[in-house]
Amino acid sequence: MQTLNTTLLIIGGGPGGYVAAIRAGQLGISTILVEGQALGGTCLNVGCIPSKALIHVAEQFHQTRHHSQGSALGITVAAPTLDIGKSVEWKDGIVDRLTTGVAALLKKHKVQVIHGWAKVVDGKTVEVGDTRIQCEHLLLATGSKSVDLPMLPVGGPIISSTEALAPSSVPKHLVVVGGGYIGLELGIAYRKLGAEVSVVEAQERILPAYDGELTQPVHEALKQLGVKLYLKHSVEGFDAQANTLKVRDPNGDTLSLETDRVLVAVGRKPNTQGWNLEALDLAMNGSAVKIDNRCQTSMRNVWAIGDLSGEPMLAHRAMAQGEMVAELIAGLHREFNPTAIAAVCFTDPEVVVVGKTPDEANAAGLDCIVSSFPFAANGRAMTLESKSGFVRVVARRDNHLIVGWQAVGVGVSELSTAFGQSLEMGARLEDIAGTIHAHPTLGEAVQEAALRALGHALHL
């Protein structure tokens, strides 16, 4: 068995791990990165990027089909057909370019990449096949994996998001189990690709992690698309002979939903199994590895970032943590203390939450002004044929400090940066209201929400 020595050893080449490796390389830290699958992790390969590519394909097909049936825009086209194989090939091309780019960046910064499955021996030793690696610092960045349902084991017609992102055909009918962001993003995409879609959710409404006012426009859009919702329904199992999903309604009665495929999308959990994490005997926070505000675990010089360390499970959180850990190892003074981390749901319409919602502000004992501005009064939204949704601001009543932003509507994911910056920089309502926003843009609704909170919206 050969032995390698390095200052920093990273297990996991997802967004957190590869960013940590790149930053460490920039800082001159000897670094080895171990990855058992493709560089980029879930996000680049079977998550964030491919799902947005499939969503784009679905939207283009949906719009073209809409124009073939008569359009107010004066566009007339023949009824479109879909070559899903070519769509998947295009999506895979994007993924390949991005993962190749990550590999090139790691090489540029002299990071040694070892492809294989890591097995932890102790806090300074990891084995990968017949290679033993000794390190001064061990960074755990193994990400998360889909939560399985015992009564719906993945296989055949039962699929996870991974299989849903690489379809060989579009099913006639898809049942999505789980009304959270993963299930709805993919469910809407498949509906626009031509499938009949039903969503089964145990809670009383879709996107239960968000407040009802914010999710109402999404609920209305689902009805317009013809997506069937089975709320407050629980799954009992799948009848393979009859191709039906058995669900129990709120009254306790059993329903049989005919379907070609069942997408299980009930959440994700930290990936703690299969690489001998238990050898470290780290303090845990539920199913996640417990960390402090510097991403240190309970063992000295052992760090954990990203989904492995729990909620919020967001790629951009992992990236920021990875960058910080590299700088800490280099001797810089850093701590992970963001004012807010944006959460984006790429449904149609999109949903963005940054900072405190009205309910969260109230629970924190804050006396706040809550104000929203509808996209129905925004010229840019009208030109995009999307007038549903709004921008909402939450600010302290005493000093007008902004503590939260939320938005639902077309393209609002792109407003998340402005929302995050305003919170990090301690902006007040007057700062946003007094900033000249370009016209015509969706961003004008941000300014108008602040103006309305101050009592003088201009376009409402």
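Here my numbering is used: the first residue of the sequence shown is -18, the next is one more, and so on. For glycine and all other residues, C-beta sits at the position ideal for the given N, C-alpha and C. Computed from a predicted model, the values in this text were never measured in an experiment.
In the structure shown, residue 305 falls within a helical segment according to DSSP collapsed to helix, strand and coil.
The shortest C-alpha to C-alpha distance from residue 370 to any of 167, 86, 194 is the one to 194. Looking at the DSSP output, residue 94 shares a beta bridge with 14. Judged by DSSP secondary structure, residue 394 falls outside any alpha helix (DSSP H); it is assigned neither H nor E.
In this structure, 391 is the residue among 352, 391, 375 with its C-alpha nearest to the C-alpha of residue 364. Counted as a single uninterrupted DSSP element, the alpha helix (DSSP H) harbouring residue 142 occupies residues 142 to 145.
Around the beta carbon of residue -14, fewer than 16 other beta carbons lie within 10 angstroms, which makes this residue exposed. Contact between the region 401 to 411 and the region 340 to 347 is absent, with fewer than three C-beta pairs closer than 8 Å. Between the beta-carbon of residue 359 and that of residue 318 there is about 34 Å, and that puts the pair past the 8 Å contact cut. An exposed status is given to residue 259, since fewer than 16 other beta-carbon atoms sit within 10 Å of its beta-carbon. Every beta strand (DSSP E) of 3 residues or more that sits fully in the region 313 to 383 is shown, in chain order, as 324 to 326, 331 to 336, 349 to 355, 371 to 377. For residue 342 against residue 333, the beta-carbon gap comes to about 17 Å, at or over 8 Å, which does not count as contact.
Considering only 190, 120, 402, 155, the residue with the shortest C-alpha distance to residue 248 is 190. Partner residues in the beta bridge of residue 386, as assigned by DSSP, are 335, 374. Apart from the 5 residues on each side of it in sequence, residue -18 sits with its Cβ closer than 6 Å to the Cβ of 111, 113 in its chain, given in chain order. Taking C-beta atoms as the reference points, residue 252 and residue 124 count as a pair closer than 8 Å.
Excluding five sequence positions before and after residue 117, the CB atoms of its chain that fall closer than 6 Å to its own CB belong to -12, given in chain order. In terms of Cβ geometry, residue 303 and residue 1 form a close pair [threshold 8 Å].
Residue 128 and residue 250 have their C-alpha atoms spaced approximately 6 Å apart. With contact defined as three or more Cβ pairs closer than 8 Å, the region 418 to 427 and the region 388 to 408 are in contact. When secondary structure is reduced to three states using DSSP, residue 191 falls in the coil class, being assigned neither helix nor strand.
Residue burial is scored here from C-beta neighbours: residue 428 has at least 16 other C-beta atoms within 10 angstroms and is therefore classed as buried. With 16 or more other CB atoms across the displayed protein chains lying within 10 angstroms of its CB, residue 352 is buried. DSSP places residue 77 within a helical segment (H, G or I) once states are collapsed to three.
In the DSSP assignment, residue 9 falls outside any alpha helix (DSSP H), carrying neither H nor E. For residue 300, the three-state secondary structure derived from DSSP is helix.
A residue is called buried once 16 or more other Cβ atoms fall within 10 Å of its Cβ, and residue 67, having fewer, is exposed.
As the crow flies, the alpha-carbon of residue 285 is around 11 Å from that of residue 265.
A Cβ-Cβ distance of about 19 Å is found for the pair residue 220 and residue 209, leaving them out of contact under the 8 Å criterion. Contact check for residue 397 against residue 306 fails: the beta carbons are separated by 8 Å or more. Listed in chain order, the alpha helix (DSSP H) runs fully inside the region 21 to 53 are 22 to 27, 29 to 49, counting runs of at least 4 residues. Rounded to the nearest angstrom, the gap between the Cα atoms of residue 51 and residue 149 is 30 Å.
In the displayed model, residue 272 falls within coil according to three-state DSSP, outside both helix and strand. In terms of Cα proximity to residue 236, the closest of 11, 88, 179, 142 is 179. Distances from the alpha-carbon of residue 165 to those of 151, 175, 152, 187 put 187 closest.
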